[in-house]
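One line per chain: the protein sequences are A and B, in this order.
With the first sequence counted from 1, adding 19 to any position gets you the numbering used here.
With the second sequence counted from 1, adding 19 to any position gets you the numbering used here.
Report on the structure given below.
2 protein chains.
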Amino acid sequence: MGIEAYRKAAKDLIDWICDYYARVEKLPVRSEVEPGYLPPLMPRKAPDAPEGVEAVMSDIKSKILPGLTHWQSPNFFAFFPANSSFPAMLGDMLSGALSVMGFLWSGSPAATELETIVLDWLAKLLNLPSCFLAYGPDGNLGRGGGVIQGTASETVLVALLAAQARVMAERPAEDRQRLVCYSSNQAHSSIKKACMVAGTTHCRLILARPELDYALDPADLSAAIDKDIASGLIPFYLVGTIGSTSSCAVDPIADLAAIARKHSMWFHIDAAFAGVTAMLPEMQHYFAGLELADSFNTNAHKWLLTNFDCSCMWVQDAEPLKAALSLMPAFLRAKGNAYDFKDWQIPLGRRFRSLKLFFVLRMYGKHKLQQYLRHHIALGELFAGLVRKDNRFEIVTPPRFALTCFVLKGPLGNETAALVDAVNQSGRAFMISTELSGQTVARFAIGGAQTQQRHVRAAWQLICEAADGLLATARAET
Amino acid sequence: MGIEAYRKAAKDLIDWICDYYARVEKLPVRSEVEPGYLPPLMPRKAPDAPEGVEAVMSDIKSKILPGLTHWQSPNFFAFFPANSSFPAMLGDMLSGALSVMGFLWSGSPAATELETIVLDWLAKLLNLPSCFLAYGPDGNLGRGGGVIQGTASETVLVALLAAQARVMAERPAEDRQRLVCYSSNQAHSSIKKACMVAGTTHCRLILARPELDYALDPADLSAAIDKDIASGLIPFYLVGTIGSTSSCAVDPIADLAAIARKHSMWFHIDAAFAGVTAMLPEMQHYFAGLELADSFNTNAHKWLLTNFDCSCMWVQDAEPLKAALSLMPAFLRAKGNAYDFKDWQIPLGRRFRSLKLFFVLRMYGKHKLQQYLRHHIALGELFAGLVRKDNRFEIVTPPRFALTCFVLKGPLGNETAALVDAVNQSGRAFMISTELSGQTVARFAIGGAQTQQRHVRAAWQLICEAADGLLATARAET
Numbered sequence: 020m021g022i023e024a025y026r027k028a029a030k031d032l033i034d035w036i037c038d039y040y041a042r043v044e045k046l047p048v049r050s051e052v053e054p055g056y057l058p059p060l061m062p063r064k065a066p067d068a069p070e071g072v073e074a075v076m077s078d079i080k081s082k083i084l085p086g087l088t089h090w091q092s093p094n095f096f097a098f099f100p101a102n103s104s105f106p107a108m109l110g111d112m113l114s115g116a117l118s119v120m121g122f123l124w125s126g127s128p129a130a131t132e133l134e135t136i137v138l139d140w141l142a143k144l145l146n147l148p149s150c151f152l153a154y155g156p157d158g159n160l161g162r163g164g165g166v167i168q169g170t171a172s173e174t175v176l177v178a179l180l181a182a183q184a185r186v187m188a189e190r191p192a193e194d195r196q197r198l199v200c201y202s203s204n205q206a207h208s209s210i211k212k213a214c215m216v217a218g219t220t221h222c223r224l225i226l227a228r229p230e231l232d233y234a235l236d237p238a239d240l241s242a243a244i245d246k247d248i249a250s251g252l253i254p255f256y257l258v259g260t261i262g263s264t265s266s267c268a269v270d271p272i273a274d275l276a277a278i279a280r281k282h283s284m285w286f287h288i289d290a291a292f293a294g295v296t297a298m299l300p301e302m303q304h305y306f307a308g309l310e311l312a313d314s315f316n317t318n319a320h321k322w323l324l325t326n327f328d329c330s331c332m333w334v335q336d337a338e339p340l341k342a343a344l345s346l347m348p349a350f351l352r353a354k355g356n357a358y359d360f361k362d363w364q365i366p367l368g369r370r371f372r373s374l375k376l377f378f379v380l381r382m383y384g385k386h387k388l389q390q391y392l393r394h395h396i397a398l399g400e401l402f403a404g405l406v407r408k409d410n411r412f413e414i415v416t417p418p419r420f421a422l423t424c425f426v427l428k429g430p431l432g433n434e435t436a437a438l439v440d441a442v443n444q445s446g447r448a449f450m451i452s453t454e455l456s457g458q459t460v461a462r463f464a465i466g467g468a469q470t471q472q473r474h475v476r477a478a479w480q481l482i483c484e485a486a487d488g489l490l491a492t493a494r495a496e497t
Numbered sequence: 020m021g022i023e024a025y026r027k028a029a030k031d032l033i034d035w036i037c038d039y040y041a042r043v044e045k046l047p048v049r050s051e052v053e054p055g056y057l058p059p060l061m062p063r064k065a066p067d068a069p070e071g072v073e074a075v076m077s078d079i080k081s082k083i084l085p086g087l088t089h090w091q092s093p094n095f096f097a098f099f100p101a102n103s104s105f106p107a108m109l110g111d112m113l114s115g116a117l118s119v120m121g122f123l124w125s126g127s128p129a130a131t132e133l134e135t136i137v138l139d140w141l142a143k144l145l146n147l148p149s150c151f152l153a154y155g156p157d158g159n160l161g162r163g164g165g166v167i168q169g170t171a172s173e174t175v176l177v178a179l180l181a182a183q184a185r186v187m188a189e190r191p192a193e194d195r196q197r198l199v200c201y202s203s204n205q206a207h208s209s210i211k212k213a214c215m216v217a218g219t220t221h222c223r224l225i226l227a228r229p230e231l232d233y234a235l236d237p238a239d240l241s242a243a244i245d246k247d248i249a250s251g252l253i254p255f256y257l258v259g260t261i262g263s264t265s266s267c268a269v270d271p272i273a274d275l276a277a278i279a280r281k282h283s284m285w286f287h288i289d290a291a292f293a294g295v296t297a298m299l300p301e302m303q304h305y306f307a308g309l310e311l312a313d314s315f316n317t318n319a320h321k322w323l324l325t326n327f328d329c330s331c332m333w334v335q336d337a338e339p340l341k342a343a344l345s346l347m348p349a350f351l352r353a354k355g356n357a358y359d360f361k362d363w364q365i366p367l368g369r370r371f372r373s374l375k376l377f378f379v380l381r382m383y384g385k386h387k388l389q390q391y392l393r394h395h396i397a398l399g400e401l402f403a404g405l406v407r408k409d410n411r412f413e414i415v416t417p418p419r420f421a422l423t424c425f426v427l428k429g430p431l432g433n434e435t436a437a438l439v440d441a442v443n444q445s446g447r448a449f450m451i452s453t454e455l456s457g458q459t460v461a462r463f464a465i466g467g468a469q470t471q472q473r474h475v476r477a478a479w480q481l482i483c484e485a486a487d488g489l490l491a492t493a494r495a496e497t
C-alpha cells in the first residue's frame, strides 16, 4: 500500500469513524450474537493475494460490528467507562505512525522524557504530593515519578514486586514464603492474580462490611496483621482502594497508611477508576494521606478521555521497582538525567503511549477536565435521586463517583438480576450486576464521553418499564 | 472537540503522516539529544484552558521529533525492526475509535472471535502443526489456540506460569522452590526476568558455544538437567530460541523437544523475531519438531508489518494457562464455544488488537508477505556478501534471517565499537553492537518496511568510510 493509497483509505476511515460516533447511540449497546457466530462468516485462512481496503471494511461493517458491544455508546453504563476521545485518538494515531520503541531512553529519548513530563503534569493536576513527581524544581530527576503501565492489574503486580524486593533486600531467601499481602475483599481481583503470578502464598482479602459502606476497617486490618505476625509471617504489601469495582467503596487511606508505616509495608493505592477525581477540590477528603503511600495508580483510559492503554502509576522511590524488574545491576543502569522504562515494567517493548495523554491534557486543559468529571458526577446524583424517590427500589450503598448500586425489591427475590437482563436485552442501555453481601445488586456506572442527561433519563425510563413488567409478573406468580 | 473538528484535524494528521513517511529516510536516524533535553522546552504543568491541535502539533514538530530515533527509517538497522505498515495503521486506528474492551467474550464478542480466527489464519500461514489451531474442522473450539500478548516478554512469563501450574498440579506446594527453568545463555533476557517475577529460583542459562553457532547443545542441556535431578530439583520449563537476539542463533528444536518430553517439561519456543519466516518453505528446517512444543511465539510487530503491540502466542492446551491465570474455578469459566482472554494473560483490560493483524493479512495476502520476508533475507545476503569480500572485516557467526554479525579487525582491538559509534553519529544509519564470546560485535539487522537495496548499499559505504578513518588513525597510533 503506497502513501497515496493510504492517504485516501485513511481519510475514508476518518469519515467512517466520524459517522460511527454520530450514530453510535442508535446502535444496540450490547451485542446479542451467540458464541461462535463469526467463524462461519469468515474464510478458513488468510488470502493468498492482496485484498483491497474496501473488502476489509465491508467485512468490518457486516460481520464485525454486529459482534461488538459499543463501549463508546452514551447508553453504556456497564463495568467502568473505557473513555475514548478525539484528542486521544489523534495522539494514538501519531504514536502508531511514528512506531518508536520506548524501552530504553536511548531508543527514542522523547518517548521516555515526554512520558515523565506528562505524568508530572497529571500528578500536579491530581494534587498528588510532590514526592510523586519525577522532576525536581531544579529540572533534575529525583527518586520517584510516574510511568504508564498497560493496566491497573500490571500496576498492582509491579508494585507487589517492588514491595517484595524492598522487604527481601535484607532477608534470607526463605522468608519469601512468609510474606503476606493485604487488601479488602472489595479490592480488585488483580491483587489475587498478582499474588498468583508472583507466588505470594499469603493473600488476605479482609471482609469489608456494609456498615462501613464496604470500606476496609483499619481495626480489622490491624487484627489480621497482628495475627499473622504472631504466626511468624511478614506483612509486606497493602493495597488500599479509592473507588472499588463493585460499589466505588473508598478505604480510609490515612489510617491504612499509618498501619503500613508501622509495619514497614509497601502501601499501594489502587484508584484505577476514581483516582482522576483527585483533580476536584471537593473530592480531596478521599485522598488525604496520599503522601504516606509508596505508589498510586489511576487509569486515564477509564474516565479521563484517553484511549486504552494508559494506566498511570507513580512511585515515591523507583529503586525497589528497578531492583525487582531490572536485569542490570544498579551500577550499570542508565545514569544521569535519564532512565530506561524497561526497568519499571514487566514487558520489554513499549509504545509511545504518553502522546495520547499529552494531546488530552493540552486539548482539554484542567478546567474542561474538571468540568467533564463534574458533569458525570452530577448525572450520577441525578440518577441516584430518581432511584431514591421510587420506593420499588433501594439504594444499597452510598452512590459515589457517578456509580449507583441498587436493587429492585420484589416478592421473588430475583427481580434485580431479571431487571438487568431485561434492560440489556432491549439494546437501549447496558449495565451489569454485582454481588454485595451475597445479594445481587444492579450497578449503574456513568462516565461515557458522550453521555448526557437525556441518556440517563431514558435509561431510567427503561429501568422503570422493565421493573413494571417484572413486578406485575412476580405478583401474578405469588 | 466535536466531530467536524476531529474530521479536519485527523485528516490533517493523515497528511502529516504521509509526509513523514515520504521524508523519514532523510531524517537523522538516531536522535542526538542529551538526557533532560525536553523538560526545559515544556511548561511545568498542563494548561488550564484548552489549546488547539495546531499548538500541540507545532510542539510535536519542533520539540518531540528531534528527540526521536526513527524506527521506521529505511536506514534503521538496530535492534530488530519494529515494523509499521499502512494497513496495520488503519486497523489500529479503527481499534482506537471503537475502543472496546476484549477481556470477556461477552464484553465484545467480535474482539475475542476475530483474534482467535486471525491467529488460526496466521498459524496456517506459518505452517504451524494443527495442534496449535483453536477451531477444529467442525468449527468448534478445541483445547489450544492463539492469543495476542503485548510482548514476547509477557509470553515467556505466561508460558512459565502455565508450565508451573501444570507441574505443580499434583505436587505439594513446597516443590515450587525446586523447579528449574532452562534456556541457552543466548536466549532473550525476558526468561531471567520471568523467573524474577514468578519467583523461580533456579534459572539455568546454559552456555551456547560458538562452535555450534551459538545454538544450545542438547548434550549440555541434558547434562545440566541430570545434575539438577540428582540434586533433587525438578526441571519444568525449557525455552528454545529460533533467532536469538544477539546473532539469530537457532536452537535444535526437535532435539530439545525430545529432552523436554523425556522430563515432562513445558517446552516453549521463542521465535519473536524469526518465527514469521516459518511461512517460507525454504526455512522449514528450522521449525521441524514444532508439534512437540507446548507453546510457540512470534511477534507480528517485529517483522510482519503489524504495529506494536502484537505478540502472537499459541498453545496446544490452554488449560494450564487458565489454571495459572484465571481467578475462576474451572467449572465457572466461560463455556461452550467461547472463552475469556483475561484468563490467558496477566492484564485484565485488552485492546482489540487483532484488527491490525486482520488488515495486514488481508491487504498483503500470503504471497506478498512471503515476498516481503524474502526481500529482506536477500538484502541480508547482499550485505553479508559485501562484508565477506572485504578482508578488513570478519563475519563471526553465519548470517541468518537478514542479520549479519561482524567485527572490524584492527590493531587496537576496539575498532568495532568505534565503528558502530561512528556510523551512528553520522545520522545516516543506525545499528547496535552486541557481545559474543566476550567480543564486541557489530550487528546489522535488516527488516525495515521501507528498506531497499540502495539503503543497504549506502550503509555499507558509510561503514567502509568509517572503517577507513578508524584504521588509519589506529595505524598512526601504533
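For each residue, glycine too, the CB sits at the ideal point set by N, CA and C.
Quick one: which chain B residues come within Cβ less than 7 Å of residue i?
i      : result
A/H386 : D67, A68
A/K30  : K30, I33
A/I225 : Near A/I225 there are no residues of chain B at all, since even the closest Cβ is about 17 Å away, more than 7 Å.
A/D328 : G368, R370
A/D111 : G115
A/N356 : P54, G55
Counting only the same chain and skipping the five closest in sequence on each side, list residues whose C-beta sits under 6 Å from that of residue i.
i      : result
A/S50  : G86, L87, T88
A/P229 : S456
B/L309 : P148
B/L60  : K82
What does residue i touch in chain A if you count any residue whose Cβ is under 7 Å from its own?
i      : result
B/W124 : P54
B/F378 : V75
B/C14  : Here chain B covers residues 20 to 497 and nothing more, so residue 14 of chain B does not appear.
Going by the beta-carbon positions, is the gap between residue i and residue j smaller than 7 Å?
i      : j      : result
A/A171 : B/S118 : no
B/M298 : B/Q444 : no
B/T423 : B/D232 : no
A/T453 : A/N316 : no
A/W285 : A/D313 : yes
A/W333 : A/A142 : yes
Nearest-angstrom Cα distance between residue i and residue j?
i      : j      : result
A/A477 : A/S330 : 32 Å
B/A468 : B/T296 : 15 Å
B/A536 : B/T459 : Because chain B spans 20 through 497 in this model, residue 536 of chain B falls outside it and cannot be assessed.
B/M108 : B/R42  : 18 Å
B/L160 : B/G399 : 40 Å
In chain B, what lies closer than 9 Å to residue i by C-beta?
i      : result
A/C222 : Near A/C222 there are no residues of chain B at all, since even the closest Cβ is about 11 Å away, more than 9 Å.
A/Y40  : I22, Y25, A116
Near residue i, which residues of its chain fall below 7 Å by C-beta distance, leaving aside the five closest residues on each side in sequence?
i      : result
A/H123 : In the sequence as displayed, the identity of residue 123 of chain A is Leu instead of His. If we look at A/L123 and ignore the five residues flanking it on each side, its Cβ neighbours are D359, K361.
A/P237 : P271, D274, L275, I278
A/P430 : A493, R494, T497
Using a cut-off of 8 Å between C-beta atoms, extract the partners of residue i located in chain A.
i      : result
B/S172 : I365, P366, L367, G368
B/L169 : Reading off the sequence, residue 169 of chain B comes out as Gly, not Leu. Simply G169, P366, G368.
Give the interface partners of residue i over in chain B, defined as CB-CB distance under 8 Å, in chain order.
i      : result
A/T88  : V119, S125, G126, S127, P128
A/M108 : Y25, A29, M112, G115, A116
Apart from the five residues on each side of it in sequence, which residues of its chain come closer than 8 Å, Cβ to Cβ, to residue i?
i      : result
B/G251 : R197
Chain B contacts from the region 185-216 of chain A (Cβ-Cβ distance under 9 Å): Result list: A192, E193, R195, Q196, H207, S208, S209, K211, K212, A213, M215, V216.
Members of the region 91-104 of chain B near chain A, C-beta cut-off 9 Å: Close to chain A, meaning a Cβ-Cβ distance shorter than 9 Å, are the following residues of the region 91-104 of chain B: Q91, A97, F98, A101, N102, S103, S104.
Contact residues within the region 254-288 of chain A, judged by C-beta distance below 8 Å to chain B: Using a CB distance below 8 Å, no part of the region 254-288 of chain A faces chain B.
Contact list for the region 330-344 of chain A against chain B, Cβ threshold 9 Å: Hits within the stretch, in order: S330, A343, L344.
Near-chain A residues of the region 428-450 of chain B - C-beta to any C-beta below 9 Å: From the region 428-450 of chain B, no residue has a Cβ closer than 9 Å to chain A.
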